[in-house]
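Engineer:
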């Protein structure tokens with residue numbers, strides 16, 4: 001079994017702040033989604 005989980009995501013415009021960086025709240029959503037799928 002591979003110990004690293006990988007998945008590609010499309011980052012949407014509403015996930016980006018005014019400095020063109022990923023919002024922390026959006027990062028948490030992506031991490032929660034990855035944890036759910038990996039479990």
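Numbering (this note's numbering), first residue to last: 1 to 39. Glycine included, every Cβ here is placed at the ideal spot set by N, Cα and C.
1. Cutting at 6 Å between CB atoms, please list the residues of its own chain near residue 38, excluding the five before and the five after it.
2. For my contact list, residue 23 and residue 16 are in at a C-beta cut-off of 8 Å; report their separation, rounded to the angstrom.
3. Considering only DSSP beta bridges, list what residue 22 is partnered with.
Structural biologist: Result, derived from the coordinates:
1. Answer for residue 38: 5, listed in chain order.
2. About 7 Å separates the two Cβ atoms, so the contact holds.
3. Paired residue(s): 16.
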